[in-house]
Amino acid sequence: MNAKISNKAMNILSRFPKTRPPLPPGYTDVWEKLMKTNREGRGPASKASQLLETWLHSQVAKDTAQNLTTLELGAGTLNQLDYEKAETYDVIEPFKALYENSEHLSRIRKVYDLIEEVPLENRYSRIISSAVLEHVDNLPFVVAKSALLLNENGCFRASVPNEGGLLWGAAWRFTTGLEYRVKFKIDYSKFAKHEHINSVDEIQTILKVFFRKVSIKRLGLGRHFSFYTFFCAKEPIIERCKEMGDYFSWNYETV
């Protein structure tokens, strides 16, 4: 990678691709059901978190307009579309069970399982995600390819939980974590470690590696006393993005 990248950024980049911690025996069987339950806001603690998550979705959608071509990463149950006006809307979501019964499915132009499937000739006004980047094991590649898929004035908009911050850690332990222990008799921290493999600091650093302009807004005060962070990244560093593609043996000759 480019020598101008800081030692801190190089250290973070060297952690990828990450290996997701495995779930204990018996947890895998309930993973899909519980993931969908949590995303849909069922149960007292999940409903409480959904109220806060309105901020996640609304920040991402603040630029939404009918003439903006959109690609959503990790679209899940398609609940971001409650906030969106865009008519040309593609999504990436590998788990069909999450969206197959969504009322918004008719609004989707194309569903991809992975970002690797999105043609390089595609161009988007915006690439968005809500509570997704913390889950991605090959995050530098996903960010780099997203940058290359943006049109000239496009933006990468992402909201994430403040994973690694004190307030966020306390919040899930006394809400979702407590609910899952009482209701399902399982330790939610196992799911948290399995799912949230990237901290907000890692995400911020990676975005700054591949974009010249990264603005940051938090729901709270600073990293440790905020629930969520919103990033808006613009002006991709194209050569650096291509280098990341080469690192992952991706062919960017057509870009």
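Just so you know, the sequence shown maps onto residues 1 to 255 in the numbering used here. Every residue gets a Cβ at the ideal spot worked out from N, C-alpha and C, and that includes glycine. Just so you know, these numbers come straight off a predicted model, no measurement behind them.
Looking only at C-alpha atoms, which of Lys193, Ala65, Glu121 sits nearest to Leu81?
-> As a first step, residue 81 is located in the sequence shown; it is residue number 81 there, counting from the start. Comparing alpha-carbon positions, the option among Lys193, Ala65, Glu121 lying closest to Leu81 turns out to be Ala65.
Tell me whether Arg109 is buried or exposed, calling it buried when 16 or more other Cβ atoms sit within 10 Å of its Cβ.
-> The residue you call residue 109 lines up with position 109 of the sequence shown. The residue in question, Arg109, is exposed, as its Cβ has fewer than 16 Cβ neighbours within 10 Å.
In terms of residues, what are the limits of the alpha helix (DSSP H) holding Asp90?
-> Here residue 90 is taken as the residue at index 90 of the sequence shown, counted from 1. Note, Asp90: premise wrong, no alpha helix (DSSP H); beta strand (DSSP E) at 89-92.
Roughly how far, in whole angstroms, is the beta-carbon of Thr70 from the beta-carbon of Thr88, given that I think they are within contact range, below 8 angstroms?
-> Taking the first residue of the sequence shown as position 1, residue 70 is located at position 70. Taking the first residue of the sequence shown as position 1, residue 88 is located at position 88. With a contact defined as Cβ atoms closer than 8 angstroms, Thr70 and Thr88 qualify at about 7 angstroms.
Are the Cβ atoms of Phe230 and Gln50 separated by less than 9 angstroms?
-> Indexing the sequence shown from 1 puts residue 230 at position 230. Indexing the sequence shown from 1 puts residue 50 at position 50. Here Phe230 is not near Gln50, since their CB atoms are 9 angstroms or more apart.
Considering only residues of the same chain and omitting the five flanking positions on each side of Pro24, which have a CB-CB separation below 7 angstroms?
-> Sequence index remark: in the sequence shown, residue 24 carries index 24 (1-based). Lys190, listed in sequence order.
Quick one: using the 10 Å Cβ neighbour count with 16 as the cut-off for buried, is Thr77 buried or exposed?
-> Position 77 of the sequence shown, counted from the start, is the residue given in the question as residue 77. Under this definition Thr77 is a buried residue.
Buried versus exposed call for Gly154 [16 or more other C-beta atoms within 10 Å across all chains shown] | Here residue 154 corresponds to residue number 154 of the sequence shown, with the count starting at 1. Flag for Gly154 reads buried.
If you count every other CB in all the chains shown that lies within 10 Å of the CB of Thr19, and 16 or more means buried, which is it?
-> The residue you call residue 19 lines up with position 19 of the sequence shown. Its Cβ having fewer than 16 others within 10 Å, Thr19 is exposed.
Taking the alpha helix (DSSP H) that Glu202 falls in, what are its first and last residues?
-> Residue numbering aside, residue 202 sits at position 202 when the sequence shown is read from its first letter. Per DSSP, Glu202 is one residue of the alpha helix (DSSP H) stretching across 200-210.
Whose C-alpha, out of Gly26, Ile12, Arg15, is nearest the C-alpha of Ile186?
-> For the purposes of this step, residue 186 is identified with residue 186 of the sequence shown, where counting begins at 1. Measuring from the Cα of Ile186, the nearest candidate turns out to be Gly26.
If you draw a straight line from the C-alpha of Arg240 to the C-alpha of Leu120, how long is it?
-> For the purposes of this step, residue 240 is taken as the residue at position 240 of the sequence shown. For the purposes of this step, residue 120 is taken as the residue at position 120 of the sequence shown. For Arg240 and Leu120, the distance between alpha carbons rounds to 16 angstroms.
Burial state of Asn7, where buried means 16 or more other Cβ atoms lie within 10 Å | Position 7 of the sequence shown, counting from 1, holds the residue named residue 7. Sixteen is the threshold: since fewer than 16 other Cβ atoms of the shown chains lie within 10 Å of the Cβ of Asn7, the residue is exposed.
Got a sec, what are the start and stop residues for the beta strand (DSSP E) Ser129 sits in?
-> Translated into positions along the sequence shown, residue 129 becomes position 129. Following the DSSP letters along the chain, one finds Ser129 inside the beta strand (DSSP E) bounded by residues 124-130.
Contained beta strand (DSSP E) runs [length at least 3] in the region 69-109, N- to C-terminal order | Counting only runs of 3 or more, we get 70-73, 89-92.
Relative to the C-alpha of Val214, which residue among Thr205, Lys62, Asn67 is closest?
-> Here the question's residue 214 lines up with position 214 in the sequence shown. Proximity to Val214 across Thr205, Lys62, Asn67 peaks at Thr205, based on C-alpha coordinates.
Give the range of the alpha helix (DSSP H) segment to which Leu150 is assigned.
-> In the sequence shown, the residue the question calls residue 150 occupies position 150. No alpha helix (DSSP H) contains Leu150, which is instead part of the beta strand (DSSP E) from 150-161.
Do you know offhand how far Lys193's Cα is from Pro22's?
-> Residue 193 sits at position 193 when you count from the first residue of the sequence shown. Residue 22 sits at position 22 when you count from the first residue of the sequence shown. Each residue's alpha carbon lies about 9 angstroms from the other.
What's the C-alpha gap between Tyr252 and Leu148?
-> By 1-based counting over the sequence shown, the position of residue 252 is 252. By 1-based counting over the sequence shown, the position of residue 148 is 148. Confidence at Tyr252 is low in this model, with a pLDDT of 42, below 50, so the placement of that residue is unreliable and no value is reported for it.
Nearest-angstrom Cα separation, counted from Leu139 out to Pro17 | Residue mapping note: residue 17 aligns to position 17 of the sequence shown, counting from 1. Residue mapping note: residue 139 aligns to position 139 of the sequence shown, counting from 1. Pro17 and Leu139: Cα-Cα distance of roughly 7 angstroms.
Report yes if the C-beta distance between Leu105 and Ser125 is below 9 angstroms; otherwise report no.
-> Translated into positions along the sequence shown, residue 105 becomes position 105. Translated into positions along the sequence shown, residue 125 becomes position 125. No, Cβ-Cβ distance for Leu105 and Ser125 is not below 9 angstroms.
Limits of the unbroken beta strand (DSSP E) element including Phe225 = Residue numbering aside, residue 225 sits at position 225 when the sequence shown is read from its first letter. Note, Phe225: beta strand (DSSP E), 225-236.
Could you tell me the distance, in whole angstroms, from the CA atom of Ile237 to the CA atom of Phe225?
-> Counting from one through the sequence shown, the residue named residue 237 turns up at place 237. Counting from one through the sequence shown, the residue named residue 225 turns up at place 225. So the two alpha carbons sit approximately 31 angstroms from each other.
Going straight from the alpha carbon of Ile203 to that of Lys183, what length do you get?
-> Along the sequence shown, one-based indexing puts residue 203 at 203. Along the sequence shown, one-based indexing puts residue 183 at 183. Those two C-alpha atoms are separated by around 32 angstroms.
Under the three-state DSSP convention, the category Leu13 falls into | In the sequence shown, residue 13 corresponds to position 13, counting from 1. Leu13 falls in the helix class under three-state DSSP.
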